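A quick write-up on the structure given underneath.
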Amino acid sequence: MNTPLLQQVLDRTTPVDDSPASHLEVNFGLLDEYSKREIRRAILTAVAVPGYQVPFGSREMPVARGWGSGGLQISLAIVGPYDVVKVIDQGDDEGVNAVNLRRLIVSSTGIPESTTPEDSTLIQTRHRIPEDPLDERHTLVLQVPVPEPLRGVERDMRELARMHAEADYARMWVSLYEDKVRNGVITRTTGYPCLVNGRYVIATTPIPRWDVPRLHRSRFLALFGAGREKRIYAVPPHTDVEPLTFEDVPFEVEVTPGASCRTCSSTESFLVEIPGATAGDGGHWVCSDSDWCRRNRERLQHPSRGDRS
Amino acid sequence: MTTDWALRVSSLGKIHGSADLRALEDTGPDIGTAKSAITGSIVAAWDVGFEVSPGEALGVIGESGSGKSTVMRCIAGDQPSTSGEVHLRTVDDGRTNVLELDPSARRRLRISDLAVVYQDPAEGLRLNVTAGGNIAEALTAAGWRHFGRIRDRAAELLERTEVPHSRMDDLVGTFSGGMRQRVQLAKALANEPPVLLLDEPTTGLDASVAAGVLDLIRNLLEETGVAAVVVSHDFAVIEMLTTRCVVMNHGRIVEAGLTDRLLEDPHHPYSQRLVGAARA
């Protein structure tokens, strides 16, 4: 962490000028201002046309494409000196990827970090939306591996563009129909296709179905960045996000009857299964959102304290 | 002429290559070629016109390369035409030339105004999707969102086209040629289109299967009251399905009339050859 380059960043000696001496210095938020402007323009288009995938010039980042580079570029393009950043990977603030991305954002901006949504303004995430209700103060940045919801039914890019342009989603419906016929239920779990603002179908990234209803008419801005696929799309606040489902086949979120978090006993959060270490051990369930789980545990142990929500 | 047509085609033309109209001077049945020596372009179809009423089936007959499939594809919107007009009764009560609609509006016609059955089922169906799923595609495109009703409707259509119910959830790619063609018919009829175009619907099927599919098509045409255009090189198909037909040769219509009359007493030398060959 103490390379001269990052030290300069931490020292906040990052003037923007063209003098030869400044060529080694890093701008606030790592990206140069021209790159930020290009990404911000893509974001503005994405917000103006909810659900539409805006192409952008995805840059080489200090993380490999497919490892959150899209989300990272959005975060670095919109981060400001008064932001507080939270980064989660599968709901966990301490995941290796989350830690690295958070360090990068913090070290290149000097802004504070937090694990609590309440204290954060910019939340970058892979696979989850925090359990806590988010509001106007929050911008949620989601890392997207495959932004194209129709990729499974069509490979031709021109045909995909036409299908989106004409809102021709019949084949998406056919894939849901086939799923239901073959399996009796709609089995698609993560990245469930949703109709945004009654117009575009989006892939809800790999967030579980559990989180999908929380995008619907949300109070926060959700930005989706796919670095490898070079696409940005958005769900602005108070926008309809309707999971595609048949009238007689209600959309359901994941529930495992009888399962509860081993550490906080919660039955009302999104749980993930931890397999047992040995063959005889049946494994157990824990909250996916580790920060929420920690606070939930504290709240149960000390009912008088720490109950902020 | 009746005025209750469901489909009206007038002066339809398609030239591949330079649109220079001098190509019309040295092409056509009288010259004996569709390729112009002057401009180098190919006049695949020119000045083709006909009307089809509800419940009526019109035949378009001619040898390979005579332009009959081009005409069908221009009407269907699979190919842009060079000139002409196509009117559908269901579109703006027949006042709009659908050839002038933008491509997206044109494609929307295929949902419930106009259906096509292709010679090759792979063109009209998705082989990696089940028979029911293929019909579901047509229904969901038309706004159906109720799984149970989609299932019921698909089952009903497949029953009508004599596809065994037990095969409804099998991939179309596993079906025989005749069965695929029945599924294609079911899909084409899913949204009860007023106009149906059939391009060589039984070519490529063996004789007994073809006879079965032909029987089915004839019954469906009678039951549904759809206005049909049947494109075929086979007089037996035209005779069985249509009451009127036009004969095409080198991109032009050389003769038009009642199918019975045309078979009994063809006037144009080309029609005579065609009928003679069929009767031999």
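Just so you know, the protein sequences line up as chains A and B, in that order. Read in order, the letters of the first sequence correspond to residues 1 to 309 in this note's numbering. Read in order, the letters of the second sequence correspond to residues 1001 to 1280 in this note's numbering. We put the beta carbon where it would ideally sit given N, CA and C, even for glycine. These numbers were taken from a predicted model, which means no experiment stands behind them.
Listed in chain order, which residues of the region 1125–1156 of chain B have Cβ atoms closer than 7 angstroms to some Cβ of chain A? Val1129, Thr1130, Gly1132, Gly1133, Ala1136, Glu1137, Thr1140, Ala1141, Arg1145, His1146, Phe1147, Gly1148 and Ile1150
Are the CB atoms of B/Asp1301 and B/Val1231 nearer to each other than 8 angstroms? Residue 1301 of chain B is absent from the structure shown; chain B starts at 1001 and stops at 1280.
Identity of the residues DSSP links to B/Cys1245 by a beta bridge: B/Gly1059 and B/Gly1257
Taking a contact to mean a Cβ-Cβ separation below 8 angstroms, would you say B/Leu1088 touches B/Val1195 in this structure? yes
Hey, B/Asp1113 and B/Val1091: beta-carbon distance below 8 angstroms or not? yes
Using the Cα positions of B/Ala1105 and A/Arg217, report the straight-line distance between them to the nearest angstrom. 32 angstroms
Simplified DSSP assignment, three categories, for A/Ala259: coil
Check whether the Cβ atoms of A/Glu344 and A/Leu195 lie closer than 8 angstroms to each other. Only positions 1 to 309 of chain A appear in the structure, and residue 344 of chain A is not among them; the question remains open.
With distance defined between alpha-carbon atoms, name the residue in A/Gly80, A/Leu221, A/Gln124 and A/Leu72 nearest to A/Gly91. A/Gln124
N-terminal and C-terminal residue of the alpha helix (DSSP H) that A/Ser69 is part of: Ser69 to Ile78
Could you tell me the boundaries of the alpha helix (DSSP H) in which B/Ser1069 lies? Lys1068 to Ala1076
B/Arg1110 at chain E interface by Cβ criterion, 8 angstroms: Absent from the structure: chain E. Protein chains present are A and B.
Would you say B/Asp1078 lies against chain A (beta-carbon separation less than 8 angstroms)? no
Counting only C-beta atoms, is B/Ser1104 closer than 8 angstroms to chain A at any point? yes
Under 8 angstroms between beta-carbons, which chain A residues line up against B/Asp1169? List them in chain order, please. Val181 and Arg182
A/Val63 CB to nearest chain B CB: under 8 angstroms? no
Mind checking who B/Tyr1270 pairs with in its DSSP beta bridge? For B/Tyr1270, which the question treats as bridged, DSSP gives no partner whatsoever.
Would you tell me roughly how many angstroms separate the C-alpha atoms of B/Ser1011 and B/Val1052, rounded to the nearest one? 15 angstroms
May I have the straight-line CA-CA distance separating B/Gly1028 from B/Asp1020, to the nearest angstrom? 15 angstroms
Apply the 10 Å Cβ neighbour rule to A/Asp291 and answer buried if 16 or more other Cβ atoms are within range, or exposed otherwise. buried
At a CB-CB cut-off below 9 angstroms, which residues of chain A make contact with B/Gly1107? The question names Gly, yet the displayed sequence has Arg at residue 1107 of chain B. Ordered by position in chain A, the residues that pass the 9 angstroms Cβ test against B/Arg1107 are Arg162, Glu166 and Asp168.
With DSSP as the reference, label A/Asn183 as helix, strand or coil. helix
For B/Thr1202, which residues from the same chain have a beta carbon less than 7 angstroms from its beta carbon, with the 5 sequence-adjacent residues on both sides left out? Ala1210, Val1213, Leu1214 and Val1237
Cβ-based neighbour list, A/Tyr200, same chain, cut-off 6 angstroms, excluding 5 preceding and 5 following: Gly51 and Tyr52
Contact between the region 27–44 of chain A and the region 71–87 of chain A is defined here as three or more beta-carbon pairs at a separation below 8 angstroms; is this criterion met? yes
So A/Tyr52 contacts chain B; which residues on that side make the cut at Cβ distance below 7 angstroms? In chain order: nothing, as chain B lies at least about 16 angstroms away.
Please confirm whether A/Arg171 has its beta-carbon closer than 8 angstroms to some beta-carbon of chain B. yes
Taking Cβ positions only, does A/Asp240 come closer than 8 angstroms to chain B? no
Using a Cβ-Cβ cutoff of less than 8 angstroms, which residues in the same chain neighbour A/Asp211 once the five nearest sequence positions on both sides are dropped? Arg128, Ile129, Thr204 and Phe270
Rounded C-alpha distance that separates A/Pro20 from A/Asp156: Residue confidence for A/Pro20 is low, a pLDDT of 44 falling below 50, so the modelled location carries little weight; the figure read from the coordinates is stated next. Their backbone Cα atoms lie some 46 angstroms apart in a straight line.
Got a sec? Which residues, its chain only, sit under 8 angstroms from B/Asp1169 by beta carbon, not counting five neighbours each side? Thr1130, Ala1131 and Gly1132
Quick one: what's got a C-beta closer than 8 angstroms to B/Leu1274's C-beta in the same chain, skipping five residues either side? Ile1061, Gly1062, Glu1063, Phe1235, Val1247 and Pro1266
Please report how far the alpha carbon of A/Asn197 lies from the alpha carbon of A/Arg137, in whole angstroms. 22 angstroms
Would you mind listing the alpha helix (DSSP H) stretches within the region 165–225 of chain A that are 4+ residues and don't spill past its ends, in chain order? 170–183
List, in order along the chain, the chain B residues whose C-beta lies closer than 7 angstroms to that of A/Phe246? Arg1145, His1146 and Phe1147
If you pair each beta-carbon of the region 182–190 of chain A with each one of the region 35–42 of chain A, do three or more pairs fall below 8 angstroms? no
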